[in-house]
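Residue numbers (my numbering): 134 to 269.
Written as structure tokens, this is what we have:
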């Protein structure tokens, strides 16, 4: 699509796991497939990712490197699906304003909520470690 000044922009649907709510916004981590490649895609840091799945058993993409975090299971609303290549990037915390249109597609099962919380915390600690190490 093109904007009012002729600039190109992308319009699409993105999926997130909400990790925290605040006044007027939520902090989320994205669910990505990387074009169906999972964490095989060049430049993706597998150590900051984990599988999100809905079936009985999660699947690695053939040739995909080991991921940094345990898989989590989601229960989706009827009619919603997740690709088997779906990965959560725990290092990429995104802010979603509460005035943005959203659609609930499901929930992470209760037993796996702590996995998500710990993974986000671990990735955040790594970022802070780099900050102290390099003096950002």
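All residues carry an ideal CB built from backbone N, CA and C; glycine is no exception.
These figures come from a predicted structure and were not determined experimentally.
Neighbour-count burial assignment, residue i, 16 or more Cβ in a 10 Å radius
i, result
"residue 157", "exposed"
"residue 223", "buried"
"residue 146", "exposed"
"residue 189", "exposed"
"residue 236", "exposed"
"residue 208", "exposed"
"residue 144", "exposed"
"residue 253", "buried"
Paired residues, beta bridge with residue i - DSSP
i, result
"residue 205", "185"
"residue 230", "158"
"residue 236", "None, per the DSSP bridge assignment."
"residue 248", "According to DSSP, which records beta bridges pairwise, residue 248 is partnered with nothing at all."
"residue 151", "161"
"residue 141", "135"
"residue 241", "207"
"residue 222", "182"
Under 7 Å between C-beta atoms of residue i and residue j
i, j, result
"residue 210", "residue 238", "yes"
"residue 181", "residue 215", "no"
"residue 249", "residue 160", "no"
"residue 171", "residue 218", "yes"
Inter-residue Cα distance where the pair is residue i and residue j
i, j, result
"residue 206", "residue 136", "38 Å"
"residue 152", "residue 142", "27 Å"
"residue 198", "residue 185", "16 Å"
"residue 242", "residue 150", "12 Å"
"residue 148", "residue 196", "24 Å"
"residue 194", "residue 258", "28 Å"
"residue 138", "residue 201", "42 Å"
Cβ shell of residue i (< 7 Å), same chain only, five flanking positions each side left out
i, result
"residue 165", "220, 222"
"residue 245", "205, 206"
"residue 203", "183, 248"
Close beta carbons around residue i, own chain, < 6 Å, minus the five adjacent residues each side
i, result
"residue 229", "159, 161"
"residue 191", "184, 204"
Close-in-space but distant-in-sequence residues of the same chain around residue i (CB under 8 Å, 5 per side omitted)
i, result
"residue 174", "167, 168"
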